[in-house]
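Chemist: The numbers in the working numbering rise by one with no breaks, and the one at position 45 of the sequence shown is 49. Glycine included, C-beta positions come from ideal geometry on N, C-alpha and C.
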Amino acid sequence: MCRFIAYLGKKPVIFNQILDKPENSLINQSRQARESKHVLNADGFGIGWYDHAIDDEPGLFKSVQPAWNDQNLCHMTSKIRATCFAAHVRASTIGNVNILNCHPFAHQQFLFVHNGRISGFKQIKRQVLDSLNDETFDLINGQTDSEHFFALLMDSLFQNNKTFTVDNLAEAMHLAIHKINSMQQRLNNQALSILNTVLTDGKQMIATRYISDRNKDPLSLHYTLGDHVDMKDGRA
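1) Determine the direct distance from the alpha carbon of E175 to that of G206, and round the result to whole angstroms.
2) Whether or not the stretch 203 to 221 and the stretch 108 to 123 are in contact is what I'm after, with contact meaning three or more pairs of Cβ atoms, one per stretch, closer than 8 Å; do they touch?
3) Where DSSP assigns a beta bridge to W53, which residues make up the other side?
4) Thinking C-beta only, is V132 closer than 8 Å to V101?
5) Count the other CB atoms, across all protein chains shown, that sit within 10 Å of the CB of E139; report buried if there are 16 or more and exposed otherwise.
6) What is the rounded straight-line gap between the Cα of T3 and the Cα of F154?
7) Residues in the same chain with beta-carbon distance under 7 Å from I144, minus the five sequence neighbours each way, listed in chain order, please.
8) Rounded to the nearest angstrom, what separates H56 and S186 at their Cα positions?
9) Since R213 sits in a beta bridge, which residues does DSSP pair it with?
10) Tell me whether D159 is buried or exposed, calling it buried when 16 or more other Cβ atoms sit within 10 Å of its Cβ.
11) Assuming F154 is part of the beta strand (DSSP E), what are its boundary residues?
12) Which of helix, strand or coil does DSSP assign to D221?
13) For V68, which of helix, strand or coil comes out of DSSP?
14) Mind checking who Q115 pairs with in its DSSP beta bridge?
15) According to DSSP, simplified to helix, strand and coil, what is V132?
16) What residues in its chain sit with their C-beta under 6 Å from that of L12, if we drop five residues either side in the sequence?
17) F8 lies in the beta strand (DSSP E); which residues open and close that run?
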């Protein structure tokens, strides 16, 4: 499993105020996650962020280095601020350790991160690919279940909408999850989907904490709402 963090607010924040300085920051979780079966998340990391003064598409920075050991990340997070960003540290379950398999994944204005897994993914991978149109099919460059799910999500979103409200994002997410569950059930009723995700366009954001078996506990997902950010002593 992996860990991620996302921020959306009116006030831009410097990345390291959230990614590095708090006691339980994402960089600290990359070497000692407290609420994950995988304590070490050392199989790469990535950050996506928005600067709407330039354009609406997110910037991306990814590396296969452990997050705590990348000097570029250290310098960058102290010099960039944004009103919206998402960051991810990876513990690989499906797919090799390479740049193509690192999160976040992006398409046009959308940015996506995932923690969890789609059980039996190899058995339904062809069905997922066959369900995509040409544009979303070409989004996939890596091997992960996460990127394939993102393509399925974008396929659902762009087929049904020309403008995008937060309700549109939620509807597309529900549809993509339903499609995955249906594919799994045709193969094995015991197949499990664990989908903790964030999807954003830099102006609005949705998050999911989902597990397909209601008798099992989902992965942890914490959030906070407010009109300011104060990360002193690791608290928001």
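Modeler: Put simply:
1) Looking at the backbone, the Cα of G206 and that of E175 are separated by about 18 Å.
2) yes
3) In the DSSP assignment, W53 forms a beta bridge with G63 and F89.
4) no
5) exposed
6) Here the chain comprises residues numbered 5 to 240, so residue 3 is not present and cannot be evaluated.
7) E151, H152 and A155
8) 38 Å
9) N200
10) Around the beta-carbon of D159, 16 or more other beta-carbon atoms lie within 10 Å, marking it buried.
11) Per DSSP, F154 is not a residue of any beta strand (DSSP E); the alpha helix (DSSP H) it occupies stretches across D149 to N164.
12) coil
13) coil
14) It is worth fixing the name first, because residue 115 is Leu in this sequence and not Gln. In the DSSP output, where bridge partners are listed per residue, L115 has A110 and T204.
15) Of the three classes helix, strand and coil, the one that applies to V132 here is helix, per DSSP.
16) Within the same chain, L12 has close Cβ partners C88 and M209.
17) R7 to I18 is the span of the beta strand (DSSP E), which, as asked, contains F8.
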